[in-house]
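With the numbering used here as the guide, the letters of the sequence shown map in order to residues 1 to 141.
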Amino acid sequence: MRVFLATLATLSALALTGCGLVYKMEINQGNYVTQDMVTKLKEGQSRQQVRLVLGTPTTESVFHKDRWDYAYSLERRGRSVTAHKLTVLFDDDKVKSWTVADLPISPVVDRDPAYANLEKGTTRSSDGPGWWSKVTDWWRK
């Protein structure tokens with residue numbers, strides 16, 4: 001009977017390996033611009049100064065030479081998690097104005113909350129025994 005249960009458990013484990021989730025990487029696209037970076041932006045700055053503060057723009061339109069767009073999106077498991085957009089408008093190669101929508105305060109806060117805890121020196125503790133411990137405990141009974 002034990003041999004039958006061991007064989008059944010092995011076959012079940014092999015069959016269930018195909019049911020697991022496939023690992024998908026986080027996809028970061030664009031320029032990650034924070035509120036801290038935008039506070040360094042001032043009216044009258046040159047394009048070079050803006051490039052030093054915010055980085056190279058995501059898009060420089062051929063039709064709108066006085067406009068730079070900074071877009072950022074983050075996808076996890078194929079779903080969009082965050083999307084931010086900043087538009088900088090120039091007049092005579094000097095910053096005239098900018099529009100911003102929902103920027104994060106800092107890079108750590110916007111991403112996974114677990115990273116914020118790690119920054120502070122704390123880590124997540126497990127909630128209890130894992131599934132393997134439960135299986136081996138059951139097997140010993």
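The beta carbon of each residue, even a glycine, is placed where N, CA and C say it ideally should be. All values reported here derive from a predicted model rather than from experimental measurement.
Residue burial classification, residue i (beta-carbon count within 10 angstroms, cutoff 16)
| i | result |
| --- | --- |
| residue 63 | exposed |
| residue 11 | exposed |
| residue 90 | buried |
Euclidean distance between Cα positions of residue i and residue j
| i | j | result |
| --- | --- | --- |
| residue 24 | residue 73 | 16 Å |
| residue 39 | residue 17 | 50 Å |
| residue 57 | residue 22 | 33 Å |
| residue 45 | residue 59 | 19 Å |
| residue 15 | residue 32 | 42 Å |
Bounding residues of the beta strand (DSSP E) (the contiguous stretch that carries residue i)
| i | result |
| --- | --- |
| residue 2 | Counting along the chain, residue 2 falls outside any beta strand (DSSP E), though it belongs to the alpha helix (DSSP H) covering 2-16. |
Three-state secondary structure (DSSP) of residue i
| i | result |
| --- | --- |
| residue 164 | With the chain covering only 1 through 141, there is no way to say anything about residue 164. |
| residue 88 | strand |
| residue 77 | coil |
| residue 69 | strand |
Under 8 Å between C-beta atoms of residue i and residue j
| i | j | result |
| --- | --- | --- |
| residue 43 | residue 95 | yes |
| residue 135 | residue 88 | no |
| residue 52 | residue 70 | no |
Residue i, enclosing alpha helix (DSSP H) - first and last residue
| i | result |
| --- | --- |
| residue 136 | 131-140 |
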